[in-house]
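J.: The listed protein sequences correspond, in order, to chains Y and X.
Quick note, the first sequence lines up with residues 1 to 501 if you use our numbering.
Quick note, the second sequence lines up with residues 1001 to 1494 if you use our numbering.
Every residue, glycine too, gets a C-beta built ideally from N, C-alpha and C.
None of these values were measured; they are calculated from a predicted model.
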Amino acid sequence: MLPLFTVILSFVGALAVGLTPPERLRTIRWTALITALLGLITAAFATLQYHIADGGYQSVVSLPWVASLGIQFKSGVDGISLSLLLLTGLIAFCGVLFSWDIEHRANEFFAFFLALIGGVYGVFLSLDLVMLFVFYEIAIVPKYFLIAIWGSTRREYAAMKLVIYSFTSSSLIFFSLLALYFGAGLNTFDLTRLATEAHYSQTFQIVVFPIVFIGFAVLAGMWPFHTWAPTGHVAAPTAASMLLAGVVMKLGAYGCLRVAIGLLPLGAQHWAQWIAVIAVINILYGALIALVQSDFKFVIGYSSVSHMGFVLLGLATLNITGLNGAVLQMFSHGVIGALLFALVGGSIYRRTHTRQLADFDRLIDRMPTIAWLFIVAGLASMGMPGFSGFVAELHVLIGAWQQPLFPVWILVVAGLGIIVTFAYTLIKIHEAFFRRSVTANDPAHALPEKYPPLTCPETVALVVLIAAALGVGLYPKPLIELINSGLAPLVAALATGAVTP
Amino acid sequence: MNYSILLTALLPELFVVLSLFAALGVDYGLLRHHPLPTRSRIAASIACIGLVIGIAVIIGQMLWFAPRSLGQDQIVLTSLTLGAKALLFGLATVVCILSADQAPNTHVSEYYALILLSTLGAGFLVCTENLLLIFVALELVSLSLYALTAFNKSSRASAEAGLKYFTFGAVSSAFLLFGLSYFYGVVQTLNLHDATLAITSLEAIPPLLRVAILLILVGLGFKIAMAPFHFWVPDVYQSAPTPVAAWIASGSKVAGFFVLIKILQPVAITPSTKAIWMGGVALGAALSLLIGNLGALRQSNLKRLLAYSAVGHAGYMLIGVLSGTVEGMAAVIFYVVIYALANLGAFGVINLVSDRNGLTADIQDIAGCWKRSPLLALLTAVFFLSLAGIPPLAGFIGKFYLFFSAIEAQPTIAKWYEGAYWLVGLALLMSAVSLYYYLRVLKVSFVSDPAATPAPIRVTSAEWICLGLLALLLITSGLFPDPIIHFIRCSLVG
Chain Y
1 MLPLFTVILS
11 FVGALAVGLT
21 PPERLRTIRW
31 TALITALLGL
41 ITAAFATLQY
51 HIADGGYQSV
61 VSLPWVASLG
71 IQFKSGVDGI
81 SLSLLLLTGL
91 IAFCGVLFSW
101 DIEHRANEFF
111 AFFLALIGGV
121 YGVFLSLDLV
131 MLFVFYEIAI
141 VPKYFLIAIW
151 GSTRREYAAM
161 KLVIYSFTSS
171 SLIFFSLLAL
181 YFGAGLNTFD
191 LTRLATEAHY
201 SQTFQIVVFP
211 IVFIGFAVLA
221 GMWPFHTWAP
231 TGHVAAPTAA
241 SMLLAGVVMK
251 LGAYGCLRVA
261 IGLLPLGAQH
271 WAQWIAVIAV
281 INILYGALIA
291 LVQSDFKFVI
301 GYSSVSHMGF
311 VLLGLATLNI
321 TGLNGAVLQM
331 FSHGVIGALL
341 FALVGGSIYR
351 RTHTRQLADF
361 DRLIDRMPTI
371 AWLFIVAGLA
381 SMGMPGFSGF
391 VAELHVLIGA
401 WQQPLFPVWI
411 LVVAGLGIIV
421 TFAYTLIKIH
431 EAFFRRSVTA
441 NDPAHALPEK
451 YPPLTCPETV
461 ALVVLIAAAL
471 GVGLYPKPLI
481 ELINSGLAPL
491 VAALATGAVT
501 P
Chain X
1001 MNYSILLTAL
1011 LPELFVVLSL
1021 FAALGVDYGL
1031 LRHHPLPTRS
1041 RIAASIACIG
1051 LVIGIAVIIG
1061 QMLWFAPRSL
1071 GQDQIVLTSL
1081 TLGAKALLFG
1091 LATVVCILSA
1101 DQAPNTHVSE
1111 YYALILLSTL
1121 GAGFLVCTEN
1131 LLLIFVALEL
1141 VSLSLYALTA
1151 FNKSSRASAE
1161 AGLKYFTFGA
1171 VSSAFLLFGL
1181 SYFYGVVQTL
1191 NLHDATLAIT
1201 SLEAIPPLLR
1211 VAILLILVGL
1221 GFKIAMAPFH
1231 FWVPDVYQSA
1241 PTPVAAWIAS
1251 GSKVAGFFVL
1261 IKILQPVAIT
1271 PSTKAIWMGG
1281 VALGAALSLL
1291 IGNLGALRQS
1301 NLKRLLAYSA
1311 VGHAGYMLIG
1321 VLSGTVEGMA
1331 AVIFYVVIYA
1341 LANLGAFGVI
1351 NLVSDRNGLT
1361 ADIQDIAGCW
1371 KRSPLLALLT
1381 AVFFLSLAGI
1391 PPLAGFIGKF
1401 YLFFSAIEAQ
1411 PTIAKWYEGA
1421 YWLVGLALLM
1431 SAVSLYYYLR
1441 VLKVSFVSDP
1451 AATPAPIRVT
1461 SAEWICLGLL
1471 ALLLITSGLF
1481 PDPIIHFIRC
1491 SLVG
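Next up, the structure:
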């Protein structure tokens, strides 16, 4: 029951904030912050309560919902969902802190924000396919309004694009839900029962797997359906970009893992190579595009696409190391992606009012703290040992080596992607902080000597995020064990149903 | 026939008829020289009282009487038909309340009398299983609606739409009547129950039956706004007074789909008779989905947008009709009810922001609603998102149930055009398209700033209650759909 409180709290908080009059800014902010913090604390307690030794789904709540259609209200947590719940709580908390200065329709902003968070929590907790889908869709609509009302660059276009992509892909999921239900003939949408008792035929799995996988992977930013991500990230207000990169993209990856691979292991084995190919395209393509961007936020947007490629590659390995790497990378990119968006879209943009790298003029002198924080974040994103990204990507790559199905060139391309990642991170750090402005000597663009320092909410959020990335990077063992306990049944199913190449 | 039984069975209708005469009588007898708004409000109140008493009586009948049928199924009173009738009366009540504050012209009481007449017709439609009575009741509904569409005498567009509606409607009625007469020729009975027996005992399918079913489908296709017989829909929805358009889109739609299901029932049992109409209905569904949803993309008039979306929704529901199973019918009934509620709410909102201020329902009329009336903006979101099928609103469960039942019926389907998979796939794709135009409305309402001098939004407390109730119904039946689905399913099985 405890994990379910994250969902309930978020929706109650959304309602409470939404009903508060917009003038009462302090009440609104603090209510939102406390709601997000309570969500995080609940997720943390749920993790502590979880018995890793027993494994499997725990704290299961099962209630009849629409009995005539085989739909239950069933929720529960395992190692995978717990790590993502923690991530969601973390990002939600930091997201509220980074929205502290929102005054325009603040009550609605936080209501949409918390509703989105509630939907995300709900997806990670659902053990019934329809319930998962319902929460998945609940998370779509708030995204539209968050971007369309409070966003920037071409916000209405970006919001609509994001929603159309999400909704079209979710219609693929809807379709495959029905196929999974009738293919199993168990008269239930119960995820756990479908995973253990359904025994889908190999042909069925090979046909349905791509539909489910693509349906979810669109939201994970899979090439060539990734184009919603950069435009959406850039247009979104800071907190919404943090959420999009931090957790919403993980919804897609989680669905790929839980539903597509979890229910259709034979299909996954059949398509694994192709997923790996797309994954390395994601890694290299995202990195190359990031290299040539002139808008700082687009750089981060495309780096997100690139990093999500590692998640997909990890999923494609289908072995415990690679899958663990995928989930770790979801956590790691969630934290680091949110951190980068917070710095670029929040801290830096708020001070410079421009995101064009050409306009930046040796920001290292003008905002040293922020610049150094960004350098740290950039190194973390690059995969510097000591940060979570390194551990995650290492796991993914080892997993990929261990998968005999993959041709060697896949690893070569992934390696190339890492090199390009180094390149764009260092080049963009140089352009942003150390380079003289390209448009300098123009008095209209004269930048102040010193920008105002970080505000208190910003500092707290940034410290929390960096601490999370560093903590997992230095001592990843607890998280890895947690994730492994969740992956164990899945890997066992993959092994028993294995087809020899 | 025992008249006391007939009286108790038709007591709800009796109250409605009484209120109809009362509305006319009071208006002509006492209020001749009063200002129009007063007359309108009083006539609306009388109509509402009649309808509400009717609903109360129906609920009593549901609680205390066993299902019964009178005069060889001329009137069939089961919990389902009674429930549908109560729903129709309820929808009509909302329509009366929405109209109360604005009289289209000086003939105030006639307006409400016509609405009550069409309500009576719709009530009979859902209750009867007799071909003749179906036709008569359908005509009662249609004729009242033609007059209501043209009711705004000062508007040329309204007159044009009325004429268009009448021409199309009369032709479709002719088709229907022609089809029904051939159908009668084949089965030799007016009673649908006996017709089922007659058709199942047929050894070969007479060609006449094919013609009959085809003509009936064309005739009813007009009434339910199925493409390619949808051409009247956009003009009528746009130009009719908004409450009337709301009534056409909700009440007459519910009745239309009840009739369609009923008439197809005799030929939905054996696969060979199913084959007669499945191809046509599948084609109609696909066309409606495409034309409705793609057509709505370009509309900048809210009522026109809802008209095209109505065509699209007819497409969704036809997928349920196509399955031909009890489950499919239950899904269609559930969907049409939810659709009617959401649509009525959406038209109600348009009525408040446009018609009340003498505007023409352009999408910009609703601009900045979040600032002008946050509560109304919220209700708009509920209605439009339910139409779009976003969970946890009822529209989602409706769609889910439809597609669920369509795929469930798959094993009984043999030919390619009968396969529900491609239709369900198309419908899902189109529902993604539909989100675009529904979100456009919400974008204008939530994101855009209001015009420089926005028209005021005046809402009476009765209207708040109606719209709030509709939204509440959509939310609760989305969160807890099981009792409703269970009720529909059980009463269909009998």
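1) If you draw a straight line from the alpha carbon of residue 1100 of chain X to that of residue 1390 of chain X, how long is it in whole angstroms?
2) Which same chain residues end up closer than 7 Å to residue 1097 of chain X when comparing Cβ atoms and leaving out the 5 residues on each side of it in sequence?
3) For the alpha helix (DSSP H) that residue 8 of chain Y lies in, which residues bound it at each end?
4) Can you check whether the CB of residue 1250 of chain X is closer than 8 Å to the CB of residue 1340 of chain X?
5) Taking DSSP's pairing of strands, which residues face residue 73 of chain Y in a bridge?
6) Please list, in chain order, the chain Y residues whose beta carbon lies closer than 7 Å to that of residue 1489 of chain X.
7) Quick one: give me the first and last residue of the alpha helix (DSSP H) that residue 366 of chain Y is part of.
8) Just grab the DSSP bridge partners of residue 58 of chain Y for me.
9) For a quick check, are the C-beta atoms of residue 1308 of chain X and residue 1236 of chain X less than 8 Å apart?
10) Express the C-alpha separation of residue 1041 of chain X and residue 64 of chain Y in angstroms, rounding to a whole number.
11) If you count every other CB in all the chains shown that lies within 10 Å of the CB of residue 1013 of chain X, and 16 or more means buried, which is it?
12) Does DSSP classify residue 24 of chain Y as helix, strand or coil?
13) Please tell me whether residue 218 of chain Y and residue 171 of chain Y are closer than 8 Å, where the distance is taken between their beta carbons.
14) Return the chain-ordered ranges of every beta strand (DSSP E) run that is complete within the region 1097-1174 of chain X and spans a minimum of 3 residues.
15) Name, going along the chain, the residues of the region 1441-1452 of chain X whose beta-carbon falls closer than 9 Å to a beta-carbon of chain Y.
16) State the Cα-Cα distance for the pair residue 1115 of chain X and residue 161 of chain Y, rounded to the nearest angstrom.
17) Look up residue 356 of chain Y in the DSSP assignment and give the residues it is bridged to.
18) Given a cut-off of 8 Å on the beta-carbon distance, is the pair residue 1183 of chain X and residue 1212 of chain X in contact?
19) Taking all protein chains shown into account, decide if residue 1398 of chain X is buried (16 or more other Cβ within 10 angstroms of its Cβ) or exposed.
20) Work out the CA separation of residue 1483 of chain X and residue 315 of chain Y for me, nearest whole Å.
21) Do residue 40 of chain Y and residue 111 of chain Y have their CB atoms nearer than 8 Å?
22) Roughly how many whole angstroms lie between the Cα atoms of residue 113 of chain Y and residue 394 of chain Y?
23) Using the three-state DSSP reduction, which class does residue 1416 of chain X fall into: helix, strand or coil?
24) Which word fits residue 233 of chain Y, buried or exposed, when buried means at least 16 other C-beta atoms lie within 10 angstroms of its C-beta?
25) Hey, does residue 111 of chain Y have any beta-carbon neighbour from chain X nearer than 8 Å?
26) For the 8 Å Cβ check, are there 3 or more pairs between the region 1148-1160 of chain X and the region 1070-1081 of chain X?
27) So, residue 78 of chain Y versus residue 486 of chain Y, is the Cβ gap smaller than 8 Å?
28) Output the distance between the C-alpha atoms of residue 335 of chain Y and residue 87 of chain Y, rounded to the nearest integer angstrom.
29) Below 7 Å on C-beta distance, what does residue 1391 of chain X contact in chain Y?
30) Could you check whether the Cβ of residue 291 of chain Y sits closer than 8 Å to any Cβ belonging to chain X?
31) Taking only the alpha-carbon atoms, compute the straight-line gap between residue 1130 of chain X and residue 1074 of chain X and give it to the nearest angstrom.
32) Residues bridged to residue 1068 of chain X by DSSP?
33) Return the first residue and the last residue of the alpha helix (DSSP H) that residue 437 of chain Y is part of.
34) Can you list, in chain order, the residues of its chain whose CB lies under 6 Å from that of residue 8 of chain Y, leaving out five sequence neighbours each side?
35) Count the other CB atoms, across all protein chains shown, that sit within 10 Å of the CB of residue 1038 of chain X; report buried if there are 16 or more and exposed otherwise.
36) Select from the region 150-163 of chain Y all residues with a C-beta closer than 9 Å to any C-beta belonging to chain X, and list them in chain order.
T.: Reading it off the structure:
1) 32 Å
2) 1044, 1048, 1462, 1463 and 1466
3) 4-19
4) yes
5) Y/63
6) 68
7) 363-366
8) Y/77
9) no
10) 46 Å
11) buried
12) coil
13) no
14) none
15) 1442, 1443, 1446 and 1447
16) 43 Å
17) Y/295
18) yes
19) buried
20) 41 Å
21) no
22) 33 Å
23) Bear in mind that a pLDDT of 48 at residue 1416 of chain X, under 50, signals an unreliable position, so the model cannot answer this.
24) buried
25) no
26) no
27) yes
28) 7 Å
29) 134, 137 and 138
30) no
31) 5 Å
32) X/1077
33) Careful: residue 437 of chain Y lies outside any alpha helix (DSSP H) and carries neither H nor E.
34) none
35) exposed
36) 155, 156, 159, 160 and 163
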